[in-house]
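Single-structure report; data block below.
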Amino acid sequence: MMIPCPHCGDRDVSEFRYGGDASKQRPAHGTGDLKAWHDYVFLFENPKGPHTEYWQHVLGCRRWFKLARNTATNEIGGVVS
Amino acid sequence: MLERRSALASAKPYVGSTLKIAERPGFTLTQVAGLSPDFETKLSTVVGPLPETVARAQVNDARTLFRLGPGQFWIVGPETDDAAAKLQGQCAVTPLNSSRVRVSLEGAPAREALSRLMPVDLHPSVFTPGGVALTGIHHTPVTVHCAAENAFDIYVMRTFAVTVWEAITDAARLFADRS
Amino acid sequence: MTRFRRLPQGGRIDRAKPVSARFDGKALGGFAGDTLASALLANDQVLIGRSFKYHRPRGLVAAGIEEPNGLFTLGEGATTEPNVAATMVDLVDGLVARTQNAWPSAGFDLMAVNSILSPLFQSGFYYKTFMGPTKGSWMFYEPFIREAAGLGKATGLPDPDRYDMRYAFCDVLVVGSGPAGLAAALTAGRSGARVVLADQDSDFGGSLLSGNDAGHEAWRIACIGELKSLPNAETCARTTVQGLYDGNLAVLVENRSHLRPDARKGEARMLLTQLRAKTIVMATGAIERPLVFSNNDRPGVMLASALRSYTNRFAVAPDKRAVIVTNNDTAYQAALDLATAGVAVTVADHRASVSADILSRAGAKGIAIFPGSGIFDVEGAKGVTRVKLGGAHAVTIECDAVGMAGGWSPVVHLSSHGGIKPKFDEAAAGFVPGGFPASHYGAGAMMGTYGLSAAIAEGSNAGASAASYAGFGKTRPVYAPEHVTDRSYAILPTWAPAYSAKGKAFVDFQSDVTIKDVKIAHQEGYRSVEHLKRYTTLGMGTDQGKTSNINALALMAEYRGITIPEAGTTTFRPPYAPLTMGAIAGRTVGAHFRPVRLSPLHDWHVKNGATFIDAGLWKRAWFYSWAGATPETAYVKEMELVRRGVGLADVSTLGKIDIQGPDAAEFLNRVYVNGFAKLPVGKVRYGVMLNDDGIVLDDGTTARISDNQFYMTTTTAQAGEVMSWLEYLLQCHWTDLNVQVASLTDEWAGMAVSGPKAREALQLAFPAEDLSNDALPYMGCKDFPFEGVTVRLLRMSFSGELAYEVHVAADYAISLWAHILKAAAPTGIKPYGLEALASLRIEKGHVAGLELDHRNTLDDLGLGKMAGKEKDYVGRALRFREDCQSPERWSLVGLELMEPDKKLRGGSILFAATDEIKGHGRGYITSVTWSTELNTFIALGLYKGGLGHEGEEIIAAFPLKNEQARLKIVSPHFIDKEGARLHA
Ligand SMILES: [Zn+2]
């Protein structure tokens, strides 16, 4: 699988680290609400199909970015801003 | 003065007639990163024009500049380089002189040897002189700089220097004059 | 009698270059251009082995990669390679091959007794025998089965050959160099696109290599010539495309065995290429199908296309007469070519009538045709002697060989590696690709396009489309040679034998599956394709059913009364062909198996008697020879050194991170549970980080270098994890914070100077610095210049003694280390290793990686009081969730051994004194050491309810060694609870 790093271009997946679901909004720092944190940390859609997720180009520029990938086909939709 | 010692001081040398693999020590490596919006302007006043993209290095006299990503650069200069001192206080300055070793591959088979090590297109029409790839060799991060048509500088993490040196010289064994 | 002979002329062999190989200990002669298979046939070695289950005599069936029977063991000693198809082996001087699965020889096989025991081996034998009520029977049968039914054997010796790998990139990958592939590659190449043409064969041309038409040959030569002249084209022979993966990654494996590569010179026997192609054209051709009839496995019965290949390409033909049995027109190409070579040919054609054109052309060559006929039986114990026809013409024919022409199966494997199932095409009477993603194309026989001119046209189109997709516009098409008329490829489907005697009729030669086995599978309800395969082992051999799958599928469909597409097809997975494990491992063997990480002080340790231990990728100094020859004795001496004098330890493996920016303090205040906002410049603080879920991530220390700059250390194990985590928070979430982080792990070396004489030692090393308790108190830090470099001195302790860490740029680590040892020699300073380092911290009750098991909370580790009450920090909210607050959680305890004659082991399971010693217990020992202070074994552990049970006697069980010992739960701080030594 090739991952399009927004800074380095298409690179082999072995250069990247997977960072999980990127579709959710992290509760703001200072938010003590247990429910908000619980939902953010533990509840995932885990879809078969289109997915937005974090990747880090860990053997490259070390930048994190959001990527659209189809979990069923591994089709890459591109970097999401 | 304390004696300076390279991480490759005890590595087995590589001897080849068509391909030369050697450590190229004696450089200063300074990582700089922006802490203000005018960072790149301030930086270029000190070190000259900056590379436009991660994929291209910028050579300004004795210094070679690499862009690592948004607002982050490497300045590779001679051992006496004063860039770090000049930039102190203007941005985040992190001296990394000991953190990398520089391995150079030079000779006609250099691209063929490198193709055994890194998943990056090395075709001469694609990876041209001045080209840079931040990639992995032997599972470790490296910065590969195409210095000339068939000459490459590879910046390797110091603690992995020996293992990567061995991986490179093993991959290039076809071109070494050994029995 | 002779069955096969070398023709006096013709073929693609070079008669000027004789080759001498060895086969079963005897010389085997041939010519350059021969394969091992063609050389065997040329030497009339028709019987070449015994079948898998029944040990029936077998001969070659094919001339290509689909060969099911002709598997041999190549090489000798450590280079032995079993199960290699003779059809894919170039005959070269020095080649050594042996028959396998026959003992003592293929001609006289004692195991043929299996043939008599054959009911044992019917379908479902494995299922019924080993999964049924007779539990344990596998133990009884296994040695027998392994001996009798095994294919070749691996040596068990390390492989001395070298295997190489490389990465490559191209615009258009063309798989297969038959007419369609050549046309595709050349058309794409003419556009300027970077083209790679790969073929498993030793030469390019595919089916053209087996032809004898001068016009076709001229076309082939011209195409290859032009392609090789293009600087943007790469042609790879003997290169099998083994699999296609996501992102158009193709894995190519080139076999270079024929070059007899010398591993010592770096020459590889195989080269694996990870090729990223913008587009892929599959022109993988088709494989001829056998027909199913009684005794269709007699040596000399082969595919009609194989007879044609051997005759035209290798100049090896049946001695006098061949019988060809067919259900389609393509067999006549073989018949005509054999007749041209001087072989008398009889054709039995299942179809009631044959076209006038064929009748006249065959008649001109003296070929006898029996329409409406097929094979009733084949005779000849160790090779064909006679064929009995059935149907319209029940005649008996003496012959040397039989050619089977059952139609063609497109090679669709690669097209389905990405998950697209093949679909059945009635016109082609076979499975064709079920579709392609946008960047993939198919051409020629693999698409069911069998005619030469049609295949070339399709190939040329595919090449042009692929080049255009890759961004290359203009090209010129490749045209078929003139005067080509494509013949019909329609078959009369006759899956079950039309006329058959009672002999075994094989569907799968390699797995020894007969038509009766398929029937039994049907009767017993194993009717889906996947069940059929597993129940009968059909298609499970090294050939993966390349010749057998369609026949089996069609038979099952017939029994079930459904159509072939309704019966479905099996899933094709990589690799396409059998692959040597070495090719997958490549160069990453031995010392190159994984990267090794070395401390900047490594070379000093090597020269000064250190023994090393692996810690993740690191090689760490475990103990030093001055203290003893074994770790058990040495670490105790090294501990005593630190407790009573002063020791020097390498802590360069710690993760180190530079944190800079106006918001650096705020950033640290957020990621650590304890406060960092007000840490004064020149001070160090111990800190703990949590994950978002409230579980401990890591601990370490951070020093404030200036208002806007901090120097963080992490544990060795979590260094990479913490760095990524900080980058994640800054880049993805806290983009409002103006902070930059950089890894310093490789830049700085660290050495711990520990023990009551630590200050004295450092004062000797750095006489210009004021290191008094007032100038540098506990948890103070300072940078100072020394001999031209900056030294960073941090006063902190992992051992519980008065201690410092000296950090310096890694290039100067060895000289500074040596300087400290030399200058401080009057204090008796010596190095100590990881074992002592770890033991000292256990005595002090410091948690480390073994305790931080990614399941514990701050409270579990007794660190709850550290957390800031007035500020937010990562993990705070979820730290207080119900589960994390339970008093019954496994939490940190100290443990003291109560039985002096016993010893403690890490990983022991902890039980309450009254518990039955069974199951997972109430916790476990994380770290254990001999305590030089307490003169007993002590340990840290996690125990249900933790220090709520302080003072209780419990049991540590180590079931693997059947050991148990009584322990007492105590405070984890075994020494200096008040910290007087730290502040000294
Ligand atoms: Zn990148």
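From first to last, the protein sequence lines stand for chains V, L and Y. The letter at position 23 of the first sequence is residue 1154 when you use the working numbering, and the numbering goes up by one with no holes. The letter at position 101 of the second sequence is residue 104 when you use the working numbering, and the numbering goes up by one with no holes. The letter at position 722 of the third sequence is residue 730 when you use the working numbering, and the numbering goes up by one with no holes. Glycine is no exception: its CB is placed at the ideal position from the N, C-alpha and C atoms. Note that the structure is predicted; figures quoted are calculated from it, not measured.
- What is the rounded straight-line gap between the Cα of residue 837 (chain Y) and the Cα of residue 82 (chain L)? 34 Å
- Query: Got a sec: does ligand 1 put a non-hydrogen atom nearer than 7 Å to the Cβ of residue 148 (chain L)?
  - Reply: no
- Tell me whether residue 21 (chain Y) is buried or exposed, calling it buried when 16 or more other Cβ atoms sit within 10 Å of its Cβ. buried
- Item | Beta carbon proximity, residue 1170 (chain V) to chain Y, threshold 8 Å | no
- Taking only runs of the alpha helix (DSSP H) that begin and end inside the stretch 583-653 of chain Y, which ones reach a length of at least 4 residues, in chain order? 589-593, 610-615 and 639-652
- Query: Which residues in the same chain have their Cβ closer than 8 Å to the Cβ of residue 934 (chain Y), if we skip the five residues on either side of it in sequence?
  - Reply: 858, 859, 861, 914, 947, 948, 949 and 950
- Message: Tell me which residues share the same chain as residue 143 (chain Y) and place their Cβ nearer than 8 Å to its Cβ, disregarding the 5 neighbours each side in the sequence.
- Response: With a pLDDT of 48 at residue 143 (chain Y), under the threshold of 50, the modelled position of this residue cannot be trusted, and the question is left open.
- Taking the CB atoms as reference points, tell me whether residue 816 (chain Y) and residue 761 (chain Y) lie closer together than 8 Å. no
- Task: Would you decide whether residue 182 (chain L) is buried or exposed? Buried here means 16 or more other CB atoms lie within 10 Å of its CB.
- Result: Below a pLDDT of 50, predicted positions are generally treated as unreliable, and residue 182 (chain L), at 44, falls in that range; the measurement from the model is reported next regardless. That one is exposed.
- Query: Which chain V residues sit within Cβ distance under 8 Å of residue 147 (chain L)?
  - Reply: Neighbours of residue 147 (chain L) on chain V: none; closest Cβ ~11 Å, over 8 Å.
- Terminal residues of the continuous alpha helix (DSSP H) containing residue 539 (chain Y)? 537-544
- Can you find a C-beta in chain L that's less than 8 Å from the C-beta of residue 1193 (chain V)? yes
- Message: Between residue 1212 (chain V) and chain L, is any beta-carbon pair separated by less than 8 Å?
- Response: no
- Task: State the Cα-Cα distance for the pair residue 692 (chain Y) and residue 894 (chain Y), rounded to the nearest angstrom.
- Result: 33 Å
- Message: Tell me the DSSP secondary structure of residue 526 (chain Y) in three-state form.
- Response: helix
- Task: May I ask you to list, following chain order, the residues of the stretch 598-611 of chain Y that have a beta carbon less than 9 Å from some beta carbon of chain L?
- Result: 599, 600, 602, 603, 604, 605, 606, 607, 608, 610 and 611
- Mind checking whether the beta-carbon of residue 740 (chain Y) lies closer than 7 Å to any heavy atom of ligand 1? no
- Message: Residues in the same chain with beta-carbon distance under 6 Å from residue 484 (chain Y), minus the five sequence neighbours each way, listed in chain order, please.
- Response: 198
- Task: May I ask you to list the residues that DSSP assigns as paired with residue 79 (chain Y)?
- Result: Y:93
- With a cut-off of 5 Å, give the chain-ordered residues whose Cβ is closer than this to any heavy atom of ligand 1. V:1136, V:1138, V:1139, V:1188, V:1191 and V:1192
- Contact set between residue 748 (chain Y) and chain L, taken where Cβ atoms lie within less than 7 Å: 36, 38 and 95
- Test: residue 99 (chain L) CB closer than 8 Å to a CB of chain Y: yes
- Could you pull the start and end residues of the alpha helix (DSSP H) that residue 893 (chain Y) belongs to? 890-893
- Task: Between the Cα of residue 871 (chain Y) and those of Y:886, Y:854 and Y:880, spot the shortest distance and give me the residue it belongs to.
- Result: Y:854
- Secondary structure at residue 534 (chain Y), three-state DSSP: helix, strand or coil? coil
- Cβ-Cβ distance between residue 990 (chain Y) and residue 786 (chain Y) below 8 Å: yes
- Answer with yes or no whether the minimum CB distance from residue 535 (chain Y) to chain L is below 8 Å. no
- Item | Own chain, CB closer than 6 Å to residue 75 (chain L), minus 5 neighbours either side, in chain order | 36
- Task: Could you work out which residues of chain L lie near residue 1138 (chain V), taking near to mean beta carbons separated by less than 9 Å?
- Result: 56, 57, 58, 70, 71, 72, 73 and 137
- Query: Excluding five sequence neighbours on each side, which residues of the same chain lie with their C-beta closer than 7 Å to the C-beta of residue 606 (chain Y)?
  - Reply: 627
- Task: Work out the CA separation of residue 52 (chain Y) and residue 393 (chain Y) for me, nearest whole Å.
- Result: 14 Å
- Task: Starting from residue 469 (chain Y), follow the alpha helix (DSSP H) in both directions and report where the run begins and ends.
- Result: 460-477
- Got a sec: is the Cβ-Cβ distance from residue 127 (chain L) to anything in chain V below 8 Å? no
- Message: So, with DSSP's three-state summary, where would you put residue 1252 (chain V)?
- Response: This structure leaves residue 1252 (chain V) out entirely; chain V is present only between 1132 and 1212.
- What do you reckon, are the CB atoms on residue 211 (chain Y) and residue 217 (chain Y) nearer than 8 Å? yes
- Item | Host alpha helix (DSSP H) of residue 228 (chain Y) (start-end) | 222-237
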